[in-house]
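Per full-length UniProt numbering, the sequence shown starts with residue 1, numbered consecutively.
We treat Cβ as the ideally placed atom computed from N, Cα and C, and that holds for glycine.
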Amino acid sequence: MTTDLYEVAGYGGRDIGFGERPAVLVVDFQNAVTNETQPMGQSPLVASAIPQTQELLEAARRGGAPVVFCATSFQADKQDMPPWKITAMDAWINKSWEVEIDERLWRDGDVLVIKKAPSIFFGTPVVSILTKASVDTVILAGANTSGCIRASTIDSFSYGFRTILPRECVADQGEAPHEANLRDVAIRYADVVPAADVVAYLRGVSEGRVRPPVGSSELQA
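Quick look at the structure:
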């Protein structure tokens, strides 16, 4: 008989749950990742996550929840680029088409931050934005689950936010790392839940059944 040592130690032994003041953070859903003509844009998981994320964002905006996008982007001379091992990222240059947020997702009034490293929190004003809005719940969408989503999840957890991953709104280049990392963060740092449940929660914010964020109308890009 095999003993599951994670289960014995109580990994995943409690749910985090939703708070009262959510924000949605969308990680790297830029053209270089979502457009099928691009080297990193050919993932079926990413393609299927786009319409799910559209619905998520519509629900968030109706409820007044802040929506914050990040794009990964560098100077043309790469002086600000960490030693990434992904050669496709060499084309991710400031103000290029590759680093523009997918137009299917972006709306006026959303917030945009630029990052260089995996986490949306690292070297960006995201914590200040969330603090200003009195956010207690971070909902993460985007790619890749095994890289930037995982890093953002750990940072969100480390800053003390309730962290929620809508399963159908995060994606990766491959199914195996996607599922493995979802399982791993779900027993440590975050709740991984169906996107429909998160949309229902955000609609509850919109309908006044959950208190919306404070000051979110001031967060303009």
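### Query
What's the gap between the Cα of D108 and the Cα of H178?
For the purposes of this step, residue 108 is taken as residue 108 along the sequence shown, with counting starting at 1. For the purposes of this step, residue 178 is taken as residue 178 along the sequence shown, with counting starting at 1. In this structure, the alpha-carbon of D108 lies about 31 Å from that of H178.
### Message
Measuring straight from C-alpha to C-alpha, what distance separates F161 and G64?
### Response
The residue you call residue 161 lines up with position 161 of the sequence shown. The residue you call residue 64 lines up with position 64 of the sequence shown. Cα to Cα, the separation comes out at about 18 Å.
### Task
Alpha carbon to alpha carbon, how far is V8 from A60? Give it in angstroms, no decimals.
Within the sequence shown, numbered from 1, the residue matching residue 60 stands at position 60. Within the sequence shown, numbered from 1, the residue matching residue 8 stands at position 8. The straight-line gap from Cα to Cα measures roughly 37 Å.
### Query
Taking just the CA atoms, how far does P44 sit from G123?
Counting from 1 along the sequence shown, the entry for residue 123 is found at position 123. Counting from 1 along the sequence shown, the entry for residue 44 is found at position 44. Rounded to the nearest whole angstrom, the CA to CA distance from G123 to P44 is 30 Å.
### Query
What whole-angstrom Cβ distance do F69 and I93 have, given they're in contact under 8 Å?
The count along the sequence shown starts at 1 and reaches residue 69 at position 69. The count along the sequence shown starts at 1 and reaches residue 93 at position 93. At roughly 18 Å, the Cβ-Cβ gap does not stay under 8 Å, so F69 and I93 are not in contact.
### Message
Could you tell me the alpha carbon to alpha carbon distance between S119 and D4, rounded to whole angstroms?
### Response
Along the sequence shown, read from residue 1 onward, the residue named residue 119 stands at position 119. Along the sequence shown, read from residue 1 onward, the residue named residue 4 stands at position 4. The straight-line gap from Cα to Cα measures roughly 31 Å.
### Query
Using DSSP with H/G/I as helix, E/B as strand and the rest coil, what is T72?
Taking the first residue of the sequence shown as position 1, residue 72 is located at position 72. Strand at T72.
### Message
Do V170 and I154 have their beta-carbon atoms positioned less than 8 Å apart in this structure?
### Response
On the sequence shown, residue 154 is found 154 positions in, with the first residue counted as 1. On the sequence shown, residue 170 is found 170 positions in, with the first residue counted as 1. In this structure, V170 does not lie closer than 8 Å to I154 by Cβ.
#### Entry: Beta-bridge pairing of T163 - partner residues as DSSP gives them
Locating residue 163 in the sequence shown gives position 163, counting from the first residue. As computed with DSSP, T163 is found in a beta bridge with V138.
### Query
Are the Cβ atoms of G208 and D136 separated by less than 8 Å?
Indexing the sequence shown from 1 puts residue 208 at position 208. Indexing the sequence shown from 1 puts residue 136 at position 136. For G208 and D136, no; Cβs fall outside 8 Å.
### Query
Looking at the structure shown, is P213 part of a helix, part of a strand, or coil, going by DSSP?
The residue given as residue 213 occupies position 213 in the sequence shown. The predicted position of P213 is uncertain, since its pLDDT is 45 and thus under 50; no value can be drawn from it.
### Query
Going by other Cβ atoms of all chains shown within 10 Å of its Cβ, with 16 needed for buried, is G174 buried or exposed?
Position 174 of the sequence shown, counting from 1, holds the residue named residue 174. Exposed, since its Cβ has fewer than 16 Cβ neighbours within 10 Å.
### Task
Any chance you could list the beta strand (DSSP E) runs of at least 3 consecutive residues sitting entirely within the segment 22 to 90, in chain order?
Counting only runs that start and end inside the segment 22 to 90, the beta strand (DSSP E) elements of at least 3 residues fall at 22 to 27 and 67 to 72.
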